[in-house]
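*Asks:* Heads up: the protein sequence lines correspond to chains A, B and C, in order. Residue numbering for the first sequence follows UniProt numbering, starting at 1 and increasing by one per position. Residue numbering for the second sequence follows UniProt numbering, starting at 1 and increasing by one per position. Residue numbering for the third sequence follows UniProt numbering, starting at 1 and increasing by one per position.
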Amino acid sequence: MSRYFTDEHEWIDVEGEIATVGITDYAQEQLGDIVFVELPAEGTTFDKGDDAAVVESVKAASDVYAPISGEVVESNSALEDEPALVNSDAEEDGWFFKLRITDASELEGLMTEAAYKKFVAAL
Amino acid sequence: MRYLPLTDTDRAEMLSVIGASSIDDLFVDVPAQARLTGKIAGLPTHASELAVERHMAALARQNLSAGEAPFFLGAGAYKHHVPASVDHLIQRGEFLTAYTPYQPEIAQGTLQVLFEFQTQVARLLGCDVANASMYDGSTACWEAIVMARRITKRGKAILSSGLHPHYVSVASTMAKFTGDALAHEAPTLDAATDIDALIAAIDRDTSCVVVQYPDILGRIADLTPLADAAHAVGALLVAVVTEPVALGAIKAPGHMGADIVVGEGQSIGVGLQFGGPYLGLFACKQKYVRQMPGRLCGETVDAAGKRGFVLTLSTREQHIRREKATSNICTNSGLCALAFSIHMTLLGEKGLRTLATLNHGLAVQAADRLAKVPGVTLLNDSFFNEFTLILSKDARDVVRTLADRGVLAGVSLGRLFPKAPQIGNGLVVAVTETVTPEDIEALANALEEELA
Amino acid sequence: MTMLKEGRPTTPEPVKDAHMAPATATGNRALMLEEALIFEIGSTDTTGVDFAQAPTVASRLGTLARTDAIGLPGLSEQETVRHYTRLSRQNYAIDLGLFPLGSCTMKHNPRLNEKVARMPGFADLHPLAPQSTVQGALGVINELAVWLIRLTGMHGVAMTPKAGAHGELCGLLCIRAALEARGDARQVVLVPESAHGTNPATAAFCGYKVEDIPATPEGRVDLEALKARLGPDVAAVMITNPNTCGLFERDMKVISDAVHAAGAFVYCDGANFNAIVGRVRPGDLGVDAMHINLHKTFSTPHGGGGPGSGPVVLSEALAPFGPLPYTARMADGSIHLIEEENVGEEMPQSFGRMSAFHGQMGMFTRALAYILSHGADGLRQVAEDAVLNANYILRSLDDVLDAPFAASGPCMHEALFSDKGLAEGFTTLDIAKGLIDEGFHPMTMYFPLVVHGAMLIEPTETESKAALDQFIMALRSLAERAKAGDEALKGAPYHAPRRRLDETLAARKPVLAWTEPGLAQAAE
């Protein structure tokens, strides 16, 4: 399994043709207390860069973009009852949705963990 | 200038603190050609309180108010007695001159009222949740159509012929620009509502069916079959209530399966006011709450653990979502919501039911009496406090002539539906607790003479 | 002599720490009374209203009689008066003190206006009453309309919009109707970054694509960037003037000319009209449509969040497209209401109706009474005093608080500060909550978004110099405490009915209606 990062502060775990997507720990810290996550329905298809989910704090609503193209195969229903999971465990239990990857070549442009850390440090 | 506290001495001192030589220095950014040098021509100068009051009183005297005549107008705005304490309490400066409760530590009064109001409205309409109010019933109705589009991702709404024509107009105006498709026809003069036709019209492109209850002709029908038909194809039922007092006597739309219930709250606590400000009611099922427009107040605790209230779920709203907001609405109808809530608290369930029974009883008496007038037929089998009479001639003319005789007879269908002359003999008559037996006799006699 | 030693002591002991504010059994603190919900203190069997006996009739409700328990508690009249009076005392209000919410224009609400609005000739009128019986009411609408047109130098006015945002909608619908009438399908509305959130929300609601216009470092619209963006796809530009940074858009006329040359329209957000009423007419600056918040500039009460009223003045190009119904004075002096029935001959291009009836009549009577009281001379003084008061605050505090646009010249009716220079960890929120303890309503905070930790202060013209001086003293003290890192400030407010409230909890587990405690527990 390999993990990629985007400059929109999303992480992507790829296992075979399935990608699990979430927002980074850095992102959750910037957003503050998460109060609601709007997740895509199963079967929705996205092109890379489409609005895929919305993550809300008390005072802000942020769009989460699809980091790569694909079809949603599962959303993290645990977030419906406990959006705080995004704060406590953004990069594991706080995942957002899983995609069936349409075009694996899109992964090539994404960052490694080390590159993302460097990117964040420069912000 | 009784409202301006600064003296010339104050102004001079303040200018010197600022470092300006005259007030004109503070307007330097206005382009020279746009600066006005003196007062605007053609407008009068300031006036004393007495003079203004006299001027306004003279204008007020040119009107025939509802309390001065036998009065039977309804059709979306109803005259009810409002207890004196309602108007007294809404004029407390802490309510009247407060702003939107953005600083909850010093706005718990307004916030608790909104929480109570939301609960009262939800229970009255038979829904899980209600918002803190909208501008009026007509705009709430359009917002419900838009909300149904968001939920179902379909763009076709079916509007009942019994929906208030001005509500239809508002929706049509907006739909021209948003691209929503609206199906609507003028009503026919039948005792039955158009529910069967609506059921037949629902298809898989339908976002919602919008039905008024009681409808514009005063008719009432069980909404359950309509709700079932809508839900069977994934559409929503939007119910519109323009006379909430009715819900002290007849089943709540939410309990008959309506997904969104909107209404005009004017008839409880607010008064006629020539059309505004009024009070849009908006309630829905719990599962749709995040798609709701408008402000919401919710319960929470403060840093010391005490219960308190705040505006919440505001990420739906324009100041955060900007162009992605559920609505551009930026306000509610706060003071009208307060009036509604106080009046409803004074009534309580017992008072509301008594009021509704009284309205219905007087309306039945009036309908039976007026139906005996030669040239008058009663349309309705069932009604609450409003019904339609079919006259032997155009009701517009009758209404105007009776007004000249000091009787405010009702609302003619010609005024409401100018493009449907086939129903022009219809007259919508509302009878509330403010109507006396003498008023009913006065109307009956005047009609008898006019139709003879 | 008699030596009566019984009786109450008349000299209090000096307060020692041990005597400070013990908890009370009731939770009340003298005049600050806690108040439960009506659902906790009322009962469905109680009513505060008496009615005449209903006549006995056979029901015509068919099968629809309501038989369920509705769950609406009632209170007697005395309990009702006490419930709402107690709640009212947990609110801050203009009647209590300075309410410097930037962009909201919280000025004194004269009570004459309330008296006038309640005259039965206005308050007890049905919106569909025959026109012959409501000539005075139509006269009020018409007279107010004339004032608004002349004060703004515009061609016409749409009176029906029910609030500022509703007025924006009206203006954009006029623009869209005008464009469609000439067969021009433009898709884009340009909005400055500093605009009120309603501007982009309204444009999107009308089906437009919204694009930002950048601001210059001095806080005004970037004219060159705007000109560069104009083109055949741009329908309108929405500009707030004076803008939300409290500055007059100097280039307004140049902007309007450029927008018109590109075939688009200028919408002006008139939320800040109070700064210029009587001194500048938007019509002279090339504006095509502007809403006027009667609840701001013309002092109708804010009522804890509405009702507002947002008439829209229109240029000659847009006036034919305005909404129904509207009033027209005829040659014989009578006033006609133009509705769907007669619109064809009168105004065939109207975009239609946008609310059920005539707009906010109760606000029209109040606004007209306010306008007549001031007259044209007094309204000019209103703008001058509003601007003077704001500049006085700006220059009295710019040594302790960062004023990002202080070098851009005088402000209009609002003074804008940022959180720059506060001690690490101290925010605008701390200063706002500190103001509550000092007895003031906080300023608008975190708006406009273009300034970090924005504090937007609008004192309005109805504050005396003494009130301003006290406010300045309080804010100066708070700024100094926040710069010095006084930790106590983070706990503020201490003296309000509630401490800081948990908004996260409210949003994560929304409780939007009351439920009986038993039911609430069972649901968990």
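We put the CB at the ideal spot given by N, CA and C, even for glycine. Note that the coordinates shown come from a computational prediction; the quantities given were computed from them, not determined experimentally.
Could you name the residues of the same chain whose beta carbon sits closer than 8 Å to that of A423(C), not counting the 5 residues immediately before and after it, in chain order?
*Replies:* Excluding residues within five positions, the ones whose Cβ falls inside 8 Å are A482, K483, A484 and G485.
*Asks:* I'd like the list of long-range same chain contacts for D251(C), defined as Cβ closer than 8 Å, with 5 residues on each side in sequence excluded.
*Replies:* Closer than 8 Å at Cβ, skipping near neighbours: R220, V221 and L223.
*Asks:* To the nearest angstrom, how far is the alpha carbon of A317(C) from that of G179(B)?
*Replies:* Taking the straight line from one Cα to the other gives about 25 Å.
*Asks:* Kindly list the residues whose CB is nearer than 6 Å to the CB of G434(C), restricted to its own chain and excluding five residues on each side of it in sequence; keep chain order.
*Replies:* Around G434(C): L478, L489 and A492.
*Asks:* Given a cut-off of 8 Å, decide if V277(C) and V30(B) are closer than it, judged by their beta-carbon atoms.
*Replies:* Contact flag unset, no.
*Asks:* Counting contacts by CB-CB distance shorter than 8 Å, is R118(C) in contact with chain A?
*Replies:* With 8 Å as the cut-off, R118(C) does not count as an interface residue toward chain A.
*Asks:* Can you name the residues that DSSP bridges to C208(B)?
*Replies:* A157(B) and L236(B).
*Asks:* Could you tell me the distance, in whole angstroms, from the CA atom of K115(C) to the CA atom of L190(C)?
*Replies:* Taking the straight line joining both Cα atoms gives about 43 Å.
*Asks:* Whose C-beta lies closer than 7 Å to the C-beta of E35(C) among residues of the same chain, with five residues either side of it excluded?
*Replies:* Closer than 7 Å at the Cβ level, and outside the excluded window around E35(C), lie H83, R86 and L87.
*Asks:* Whole angstroms is fine: what's the gap from D439(B)'s alpha carbon to M56(B)'s?
*Replies:* Answer to the nearest angstrom: the Cα atoms are 29 Å apart.
*Asks:* Within a Cβ cutoff of 6 Å, which residues of the same chain sit near R366(C), ignoring the five residues on either side of it in sequence?
*Replies:* For R366(C), where only same-chain residues beyond five positions count, the Cβ hits under 6 Å are N113, A117 and T300.
*Asks:* Is the CB-CB distance between A225(C) and P214(C) below 8 Å?
*Replies:* In contact: A225(C) and P214(C) (Cβ atoms closer than 8 Å).
*Asks:* Select from M14(B), D10(B) and L4(B) the residue whose C-alpha is nearest the C-alpha of N391(C).
*Replies:* Comparing Cα positions, the closest option is M14(B).
*Asks:* Between the Cα of F248(C) and the Cα atoms of M412(C), L397(C), D437(C) and N91(C), which residue gives the shortest distance?
*Replies:* F248(C) has its Cα closest to that of M412(C), out of M412(C), L397(C), D437(C) and N91(C).
*Asks:* Counting along the chain, where does the alpha helix (DSSP H) carrying F27(B) start and finish?
*Replies:* Neither: F27(B) is in no alpha helix (DSSP H) and is coded neither H nor E.
*Asks:* How do the region 378 to 393 of chain C and the region 161 to 177 of chain B stand: do at least 3 beta-carbon pairs fall below 8 Å, yes or no?
*Replies:* Contact fails: fewer than three Cβ-Cβ distances are below 8 Å.
*Asks:* In the DSSP output, what is C268(C) paired with across the bridge?
*Replies:* I239(C) and M290(C), per the DSSP bridge assignment.
*Asks:* Which residues of chain A have a Cβ atom closer than 9 Å to the Cβ of T315(B), listed in chain order?
*Replies:* Per Cβ cutoff of 9 Å: V35, F36, V54, E56, S57, V58, K59, A60 and A61.
*Asks:* Rounded to whole angstroms, what's the CA-CA distance from A58(B) to Q135(C)? Just pull it up for me.
*Replies:* Using only the alpha carbons, I get a separation of about 11 Å.
*Asks:* What residue range is occupied by the uninterrupted beta strand (DSSP E) comprising residue 454(B)?
*Replies:* Given a span of 1 to 452 for chain B in the structure shown, any question on residue 454(B) remains unanswerable.
*Asks:* In the DSSP assignment, find the beta strand (DSSP E) that holds M14(B) and state where it starts and stops.
*Replies:* Counting along the chain, M14(B) falls outside any beta strand (DSSP E), though it belongs to the alpha helix (DSSP H) covering D8 to I18.
*Asks:* Could you pull the DSSP bridge partners for M134(B) from this structure?
*Replies:* M134(B) pairs with G280(B).
*Asks:* Thinking C-beta only, is V428(B) closer than 8 Å to G218(B)?
*Replies:* Closer than 8 Å, so yes.
*Asks:* When you compare the CB of Y392(C) with every CB in chain B, is at least one pair closer than 8 Å?
*Replies:* Taking Cβ atoms only, chain B reaches closer than 8 Å to Y392(C), which makes this a yes.
*Asks:* Which whole-angstrom value is the C-beta distance of T6(A) and P67(A), which I expect to be below 8 Å?
*Replies:* About 5 Å separates the two Cβ atoms, so the contact holds.
*Asks:* Give me the residue from I239(C), P410(C) and R182(C) with the minimum Cα distance to residue 543(C).
*Replies:* Residue 543(C) lies beyond the range of chain C shown here (1 to 524); nothing can be said about it.
*Asks:* Keeping to the same chain, check which residues put their C-beta closer than 8 Å to that of A47(B); ignore five residues upstream and five downstream.
*Replies:* Once the five neighbours on either side are set aside, the close Cβ partners of A47(B) are H55.
*Asks:* Under the rule that 16 or more other beta-carbon atoms within 10 Å means buried, what is M134(B), buried or exposed?
*Replies:* M134(B) is buried by the Cβ-count criterion.
*Asks:* Name the residues in the region 105 to 120 of chain B whose C-beta lies less than 9 Å from a C-beta of chain C; which are they?
*Replies:* Listed by position along the chain: E105, I106, A107, Q108, G109, T110, L111, Q112, V113, L114, F115, E116, Q118, T119 and Q120.
*Asks:* Give a yes or no on whether the minimum CB-CB distance between A84(A) and chain C is below 8 Å.
*Replies:* Chain C contact via Cβ: present.
*Asks:* Any beta carbon of chain A sitting closer than 8 Å to that of E424(C)?
*Replies:* No, E424(C) does not count as interfacial toward chain A.
*Asks:* So if DSSP puts D63(A) in a beta bridge, which residue, or which two residues, is it bridged to?
*Replies:* Partner(s): V54(A).
*Asks:* Beta-carbon of A186(B) versus every beta-carbon of chain C: anything under 8 Å?
*Replies:* Chain C, which has no Cβ nearer than 8 Å to the Cβ of A186(B), makes this no.
*Asks:* Could you tell me whether the Cβ atoms of residue 596(C) and E105(B) are closer together than 8 Å?
*Replies:* Any property of residue 596(C) remains undetermined from this structure, which presents chain C solely from 1 to 524.
*Asks:* Taking 8 Å as the cut-off, decide whether the C-beta atoms of Y26(A) and V120(A) are in contact.
*Replies:* Yes, the Cβ-Cβ distance between Y26(A) and V120(A) is below 8 Å.
*Asks:* Can you grab the Cα-Cα spacing for the pair V21(A) / E8(A), in whole Å?
*Replies:* For V21(A) and E8(A), the distance between alpha carbons rounds to 12 Å.
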